[in-house]
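Below is one structure, written out as structure tokens; comments come after it.
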């Protein structure tokens, strides 16, 4: 009997995988935006707005306003919203499936695990960039408007770019954590300590940090860099961006490797 062929089977391999990835991205976006964790993520996204409302009235004007906003961005947006928001979104992409005992549905489907992993990462990245990037675009003109300083579109776009890079890098690292550890809380806490105390480390070790590269891109130095002088020789902007993209690619590749060899034993959890 002649085998019946379909449009899906006849499609090129790359087109089939792209179609599968898009389907997974759609499903994952609905899970992220419709799940219970989105409430906590939304509260984290709203934190910079509340801080700006509380402190902008007492903030200085002129050139000092830019430095003041830089401090808020470094501590609140990068240090709290992006870091913890990405931890909530990305560690749950695989760990949440295991806790819900639903990951085997994905693993039994005719889809390569590398495609599944990358699609989940893309879905988390789209959600994080939309939430935290949108907040960055909102709070910068809000702050400058309250203090009566002129709005710099170029500066706002620079902060937006840093936020998107932060989501890309932290998201990849937390995706890897979610595939490696049963309880990602301790690794996330360890990374938080590493990022927070990075300025105390020797310059040769500081480079192994997401915040080190992100803060080298800031229009004005953050409060720690102003107090302690930061790195003696911060990386050039192109080097920092390239380092973050390489880190993200390596972390996602390692997550793909881990998922490819993953075996599900729900009784272990």
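In the numbering used here, the protein residues as written are 46 to 314. Each residue gets a CB set at the ideal place from its N, CA and C atoms; glycine is no exception.
With a cut-off of 8 Å on Cβ pairs, the region 174-194 is not in contact with the region 250-266, counting fewer than three such pairs. Annotation: residue 297 to residue 304 spans about 10 Å, alpha carbon to alpha carbon. Between residue 220 and residue 154, the C-beta gap is not smaller than 7 Å, which leaves the two residues out of contact.
In this structure residue 97 touches residue 117 by the C-beta definition: roughly 7 Å separates them, less than 8 Å.
For the pair residue 256 and residue 240, the Cα-to-Cα distance works out to about 6 Å. Our two residues, residue 224 and residue 231, have alpha carbons roughly 14 Å apart in a direct line. Restricting attention to 206, 193 and 135, the CA atom closest to the CA of residue 106 is found in 193.
Contact annotation: residue 283 and residue 216 have beta-carbon atoms that are not nearer than 7 Å.
In the three-state DSSP reduction, residue 305 falls in the helix class (H, G or I). When DSSP states are grouped into helix, strand and coil, residue 247 belongs to the coil group. When the alpha-carbon of residue 102 is set against those of 94, 191, 206 and 218, the nearest one is in 191.
By the C-beta density criterion, residue 77 is buried, having at least 16 other C-beta atoms within 10 angstroms. In its chain, beyond the 5 residues on either side, 169, 216, 219 and 220 have a beta carbon closer than 6 Å to the beta carbon of residue 135.
Only exposed fits residue 67, as fewer than 16 other CB atoms lie within 10 angstroms of its CB.
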